[in-house]
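In order, the protein sequence lines correspond to chains P and L.
Per my numbering, the first sequence starts with residue 1, numbered consecutively.
Per my numbering, the second sequence starts with residue 316, numbered consecutively.
Glycine included, C-beta positions come from ideal geometry on N, C-alpha and C.
Protein chains: 2
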Amino acid sequence: MLKYYLGIDLGGSKILAGLFDEELNLVGRNKMRTKPERGFASVVERIARCASDLVDDFDIKKDSIAALGIGTPGSIDAKGNVIFAGNLDWDNVPLRKQLEKVMQIPVSVENDCNVAALGIYHHELKAKPVNMVGIFLGTGVGAGLILNRQLYRGTNLIAGEIGHTVLDVNGEQCNCGNRGCFELFASRSSIFRKLGEAIKNGEETQLADKKLENLRSGDLEKAIRRGDKCVARLVDEAAHYTGIAVANVVNLLNPDVVVLGGGVIDALEDQMIPVIDKVAHEYAFPGIPPTFQVIATRLGDNAGITGAAVLAKGI
Amino acid sequence: MLKYYLGIDLGGSKILAGLFDEELNLVGRNKMRTKPERGFASVVERIARCASDLVDDFDIKKDSIAALGIGTPGSIDAKGNVIFAGNLDWDNVPLRKQLEKVMQIPVSVENDCNVAALGIYHHELKAKPVNMVGIFLGTGVGAGLILNRQLYRGTNLIAGEIGHTVLDVNGEQCNCGNRGCFELFASRSSIFRKLGEAIKNGEETQLADKKLENLRSGDLEKAIRRGDKCVARLVDEAAHYTGIAVANVVNLLNPDVVVLGGGVIDALEDQMIPVIDKVAHEYAFPGIPPTFQVIATRLGDNAGITGAAVLAKGI
Numbered sequence: 001m002l003k004y005y006l007g008i009d010l011g012g013s014k015i016l017a018g019l020f021d022e023e024l025n026l027v028g029r030n031k032m033r034t035k036p037e038r039g040f041a042s043v044v045e046r047i048a049r050c051a052s053d054l055v056d057d058f059d060i061k062k063d064s065i066a067a068l069g070i071g072t073p074g075s076i077d078a079k080g081n082v083i084f085a086g087n088l089d090w091d092n093v094p095l096r097k098q099l100e101k102v103m104q105i106p107v108s109v110e111n112d113c114n115v116a117a118l119g120i121y122h123h124e125l126k127a128k129p130v131n132m133v134g135i136f137l138g139t140g141v142g143a144g145l146i147l148n149r150q151l152y153r154g155t156n157l158i159a160g161e162i163g164h165t166v167l168d169v170n171g172e173q174c175n176c177g178n179r180g181c182f183e184l185f186a187s188r189s190s191i192f193r194k195l196g197e198a199i200k201n202g203e204e205t206q207l208a209d210k211k212l213e214n215l216r217s218g219d220l221e222k223a224i225r226r227g228d229k230c231v232a233r234l235v236d237e238a239a240h241y242t243g244i245a246v247a248n249v250v251n252l253l254n255p256d257v258v259v260l261g262g263g264v265i266d267a268l269e270d271q272m273i274p275v276i277d278k279v280a281h282e283y284a285f286p287g288i289p290p291t292f293q294v295i296a297t298r299l300g301d302n303a304g305i306t307g308a309a310v311l312a313k314g315i
Numbered sequence: 316m317l318k319y320y321l322g323i324d325l326g327g328s329k330i331l332a333g334l335f336d337e338e339l340n341l342v343g344r345n346k347m348r349t350k351p352e353r354g355f356a357s358v359v360e361r362i363a364r365c366a367s368d369l370v371d372d373f374d375i376k377k378d379s380i381a382a383l384g385i386g387t388p389g390s391i392d393a394k395g396n397v398i399f400a401g402n403l404d405w406d407n408v409p410l411r412k413q414l415e416k417v418m419q420i421p422v423s424v425e426n427d428c429n430v431a432a433l434g435i436y437h438h439e440l441k442a443k444p445v446n447m448v449g450i451f452l453g454t455g456v457g458a459g460l461i462l463n464r465q466l467y468r469g470t471n472l473i474a475g476e477i478g479h480t481v482l483d484v485n486g487e488q489c490n491c492g493n494r495g496c497f498e499l500f501a502s503r504s505s506i507f508r509k510l511g512e513a514i515k516n517g518e519e520t521q522l523a524d525k526k527l528e529n530l531r532s533g534d535l536e537k538a539i540r541r542g543d544k545c546v547a548r549l550v551d552e553a554a555h556y557t558g559i560a561v562a563n564v565v566n567l568l569n570p571d572v573v574v575l576g577g578g579v580i581d582a583l584e585d586q587m588i589p590v591i592d593k594v595a596h597e598y599a600f601p602g603i604p605p606t607f608q609v610i611a612t613r614l615g616d617n618a619g620i621t622g623a624a625v626l627a628k629g630i
């Protein structure tokens, strides 16, 4: 009998489920709103429903699903409890235990950036580099580290908080309490915040009369293509600072490759990657061979579900 | 027959040799000037002489020396060639090969910060943490990473260049070409450069009439003890920024412990460690448990020779 794996990418606003065959080819996807305001039990039920509907849609028997992997925002512990996830309002919830109870299959839980890095490393990078850093620009900014061919989790399984490394000791205050965090330069929220400030300052942009909170990274890309200089400048700045952050991690960890992903990169790859690549190589320590690569993931928003399936399969 | 190991700490100005017994207890030390201006062959001969004199001093037979380890500035390759070391003016020199030829024993070569981290990890930290970051403040600033209980070297064996990670995107230009590198805030050279500027600006300090290029970190410590407010402020600032750099690496790598060492810390531990520790905990991401430790090495300037002996023994 064929075996299948379920990979779940849990976000603050949506649940994305992927059904994968034994070679981790994507069979199909399903999407559902997270609705975290309904509470933990409801979110677990929605994850299960999103996954079960997907299995049912492809006429696959429930008992041929071997395992489920899930990437979740926030910090987790070794038992698959989510210790803290701000955008879900979760505080020490037994995600793995509850999902196993509802789904009746083995469940593996991992931080979302770690999961995306796993997906990129195992499913996309055929050359299997020894050391890879995945950096994800979305609502926030995070990283997943593959060091010596293994996911590096850190002592408390919370490694990779690159969004809260300081790039500007005299910079603006971040929600985390620090000043000048990388996230303040390159997250979607930060780019839109800066766009709002630019509009307030009377800068000309096609997005001036739009409700910024309803816009997505793709709207920035469209505006740039239509010649919006203000948006182009803001995105260029975000890419510039991301390049410095990439160089910082290159100088510290000397990886083969840095892979960028997340919603901001998915939408703005053509605008951002050339700048990030150039600045990262300029800021890399002279002793670092310039052969390290800076690329965008080809998996797009499938990185999370793919990595979750990798996790489920236990590679 | 008893076996012994030689550990060498090679610096731009001095060679330090340590003789260690089989349990890596320090039997004795010897010191010699490096005199890099005489060229590579001469430095190799001086290293060999420094080591051989030490062995002879302790009436130990040459053939009971099992191996020699050496920590060198700069970047090395897997064959023990030093690819580049600015302060020795070395460019692709066969350090391991030449030392083996002269000493007639197996030689292991490693970057100096990596070696110091190895020494601290294997000889000082009895609790054997899973993940340790060693940060060394001397003429320059570097790091050695122990991740998952192993020395992490990076793809080109050049990981750990924390001194050239950017803390201030708008900061001063560094020798490496970047702006606002950590090294510009906390190396000995930087502290003395800032002291020079303060003196030029007419700030009051007991060191105003001294030749700064002849002073050492210990002179800063003495001045602070004598109530020198200018020096106290400069050292406090260096500690503050080091705390931010520590938090950056804690947020990225989530280690159990960050150990500070190097000449600046050896001299100014009491002034700097409390500040570094406080700032690092303030800037650590809220999800990182505050249990991570920030300490100074107890090995002082023996960290390098101890780690080199660890390397020689091949732990």
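Local Cβ density within 10 Å of residue i, reported as buried at 16 or more and exposed below that
i: L/Ala442; result: exposed
i: P/Pro73; result: buried
i: P/Met272; result: buried
i: P/Asp112; result: buried
i: P/Glu161; result: buried
i: L/Met418; result: buried
i: L/Ile630; result: exposed
i: P/Gln98; result: buried
i: P/Ser42; result: exposed
Short CB-CB distance (under 8 Å) between residue i and chain P
i: L/Cys491; result: yes
i: L/Ala582; result: no
i: L/Leu626; result: no
i: L/Pro409; result: no
i: L/Glu476; result: yes
i: L/Asn426; result: no
i: L/Thr470; result: yes
i: L/Val456; result: no
i: L/Val484; result: yes
i: L/Val564; result: yes
i: L/Pro601; result: yes
i: L/Ile461; result: no
i: L/Tyr556; result: yes
Distance CB(residue i)-CB(residue j) smaller than 8 Å
i: L/Leu499; j: L/Ser532; result: no
i: L/Ala538; j: L/Gly384; result: no
i: L/Ile603; j: P/Ile158; result: yes
i: P/Phe182; j: P/Thr165; result: yes
i: P/Val279; j: P/Gly119; result: no
i: P/Phe292; j: P/Val258; result: yes
i: L/Leu403; j: L/Pro444; result: no
i: P/Ala198; j: P/Leu137; result: no
i: L/Leu527; j: L/Leu510; result: yes
i: P/Gly300; j: P/Ala117; result: no
i: L/Arg503; j: L/Val579; result: yes
For residue i, the residue or residues it bridges with in DSSP
i: L/Phe399; result: L/Ser390, L/Asp406
i: P/Phe40; result: Partner(s): none; P/Phe40 has no beta bridge.
i: P/Gly28; result: P/Leu19
i: P/Lys61; result: Note: P/Lys61 sits in no beta bridge, so no partner.
i: P/Cys9; result: A small fix is needed here, since residue 9 of chain P is Asp in this sequence, not Cys. Bridge partners of P/Asp9: P/Leu16, P/Gly71.
Contact with chain L by residue i, beta-carbon distance below 8 Å
i: P/His164; result: yes
i: P/Ser190; result: no
i: P/Phe136; result: no
i: P/Val130; result: yes
i: P/Pro255; result: yes
i: P/Ser187; result: no
i: P/Leu151; result: no
i: P/Leu54; result: no
i: P/Asp91; result: no
i: P/Val321; result: Chain P is shown only over 1 to 315; residue 321 of chain P falls outside these bounds and no answer can be derived.
i: P/Val275; result: no
i: P/Pro289; result: yes
i: P/Ile316; result: For chain P, the structure presents residues 1 to 315; residue 316 of chain P sits outside this window and is missing.
i: P/Tyr283; result: yes
i: P/Leu252; result: yes
Nearest-angstrom Cβ-Cβ length linking residue i and residue j, presumed shorter than 8 Å
i: L/Ala332; j: L/Arg344; result: 7 Å
i: L/Thr557; j: L/Ile591; result: 5 Å
i: L/Asn617; j: L/Leu440; result: L/Asn617 to L/Leu440, Cβ: 15 Å. No contact.
i: L/Ala560; j: L/Leu482; result: 6 Å
Chain B contact for residue i (CB, 8 Å cutoff)
i: L/Ile559; result: Although the question refers to chain B, the structure presented lacks it and instead comprises the protein chains P and L.
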